[in-house]
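Sequences listed follow chains A and D, in order.
So for the first sequence, my numbering puts the first residue at 1319; every next one is plus one.
So for the second sequence, my numbering puts the first residue at 9; every next one is plus one.
Note that beta-carbon positions come from the ideal geometry of N, C-alpha and C, so glycine has one too.
Single-structure report; data block below.
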Amino acid sequence: MRKTSVFSKGEALSITHLDIPLLVIMGAVVSFAISGVFSSIMGPFIEAGENELFSFRGLLAGLSNIGLGIGAHTIGWLYWRFIFCRHGSIAPRWNGFGLLLGIMSLLSALILGANLCFYIVYEH
Amino acid sequence: MNTKLNTLLLLLGKAFIAISFLCSIPLAFILHLFVGYNVSMATCGTSLGYWLPLLGSLTLGFMLCVLSKHTPKHIPEEPLDIEHSPLTVTGGIITLGVVLIIVILALIFFIIGIYYAFFSEYMPIVLPICVGVGIVSYLLYIGWKCYHQFDNESEE
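The following block contains the structure:
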C-alpha cells in the first residue's frame, strides 16, 4: 500500500512529477501559509489596543492569508488535475530554474500577504 | 499529437500561469518600467487594477494549456493521481499551520483565562464559585459511588 504521509513523499517529489508552474504555485502556497500562521498567532496580540486583550482584526488578517493559501492550493490542484496529468512535464531538466522562480514567487506572495494584512488591520 | 503548435501552446500557457503567480516583484517592476503602469508597493496586495491582469493571465494560461493536444514523452505506468502530486506536501503544510494556530491560540487563551480568573480583580467572584462547584461535584461523586456500592451489595 502506498504511504500518503506528508513526511514520506519520495515519490511525490520525484523530478518527473514537477513542473515550473507547479513549483511557482507551491512557492506561493508555502509563503501564504507561513505568513498566515505568523500573523494569526502574533497579529491579534500585537494589534490589540491599549485596553484591549485581543484584536479580532489581527486574527482576520492572518486567516485571510491562510485563505489565500488554500485558494492558491486549489488552483494548483486544478493545474495538476487538468493540465499536468494530461500533458506532463515538457522539460524536467529546467526544474532547477523553476526552483529559483519558486523562491521568487515565495517572496512575492510574502509581500502580497503582508500588504493584505496591513490593509485589513489599518485601512479597512 | 506533438506538433510544434501544440508544444508552443502548452509552453505559452504554462508561462502565463507562472507569470500570474510571480506577482509583486517581477511583474510590478516590468509593468512599471516598460508600460508605465504605476504599481504602488504599498497597495499592490489590494488594488483591483493589480489583481485583474494577474487573473487574466492565469485564465489565459489555463485556456491555452487545455486547448493544446500535447502528449507526454514518458507515459507513466500508473495513471497520475493526486497522491503522486507534490501538492500533497503544501497541503500538509497548510493543515499543519491551521492546527498550529488552533493549538497555540487555545494555549494562550487558556493561560489568559487562568490569569483573569485567579490573579485579577475577578478573583473574589471566581474563586468561591470554583471552590463551591468543586465541593458539590465531590459530594455528588461520593453519593454516586455509595449508590453503586449499595447496588452491588444488594445484588450479592
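Residue j beta carbon less than 8 Å from that of residue i
i	j	result
A/Ser-1349	A/Leu-1434	no
D/Pro-94	A/His-1405	no
A/Ile-1384	D/Val-106	yes
D/Ile-102	A/Ile-1333	no
D/Phe-127	D/Leu-135	no
D/Leu-30	A/Ser-1407	no
A/Gly-1416	A/Leu-1341	yes
A/Phe-1356	D/Val-74	no
D/Gly-121	D/Ser-76	no
Presumed contact (8 Å Cβ cut-off) between residue i and residue j, rounded CB distance
i	j	result
A/Ile-1338	A/Leu-1419	6 Å
D/Leu-17	D/Leu-72	5 Å
A/Gly-1345	A/Ser-1423	4 Å
A/Ala-1379	A/Phe-1372	Wrong, their Cβ atoms sit about 13 Å apart, outside the cutoff.
D/Thr-15	D/His-92	Wrong, their Cβ atoms sit about 23 Å apart, outside the cutoff.
A/Val-1347	D/Thr-96	That pair is no contact at about 12 Å.
Same chain, Cβ closer than 7 Å to residue i, five either side skipped, listed in chain order
i	result
A/Ile-1343	Ala-1390, Ile-1393, Gly-1394, Tyr-1397
A/Leu-1377	Ser-1358, Gly-1361, Pro-1362
D/Ser-28	Leu-62, Ser-65, Leu-66, Gly-69
D/Asn-10	His-78, Thr-79
D/Leu-41	none
D/Tyr-124	Tyr-130
A/Ile-1364	Gly-1376
D/Lys-12	none
Same chain, Cβ closer than 8 Å to residue i, five either side skipped, listed in chain order
i	result
A/Phe-1374	Pro-1362
D/Ala-113	Reading the sequence as shown, one finds Leu at residue 113 of chain D and not Ala. No residues qualify anywhere along the chain.
is_contact[residue i, chain A] using C-beta, thresh 8 Å
i	result
D/Cys-154	no
D/Phe-29	yes
D/Lys-22	yes
D/Ser-145	no
D/Leu-68	no
D/Ile-120	yes
D/Leu-16	no
D/Val-74	yes
D/Ser-128	no
D/Ala-26	yes
D/Gly-105	yes
D/Thr-11	no
D/Ser-93	yes
D/Leu-113	yes
Neighbourhood of residue i by C-beta distance below 6 Å, restricted to the same chain and skipping five residues each side
i	result
D/Tyr-149	none
A/Pro-1410	Ile-1333, Thr-1334
D/Ala-26	none
Cβ of residue i within 8 Å of any chain D Cβ
i	result
A/Ser-1358	yes
A/Ile-1384	yes
A/Ile-1408	yes
A/Trp-1443	There is no way to answer for residue 1443 of chain A, as the model of chain A reaches only from 1319 to 1442.
A/Ile-1401	yes
A/Ile-1338	yes
A/Val-1348	yes
A/Ser-1373	no
A/Trp-1412	no
A/Ala-1366	no
A/Ala-1379	no
A/His-1405	yes
A/Leu-1418	no
Contacts of residue i in chain B (Cβ-Cβ under 7 Å)
i	result
D/Gly-99	Going by chain labels, chain B is absent from the structure shown, which instead holds the protein chains A and D.
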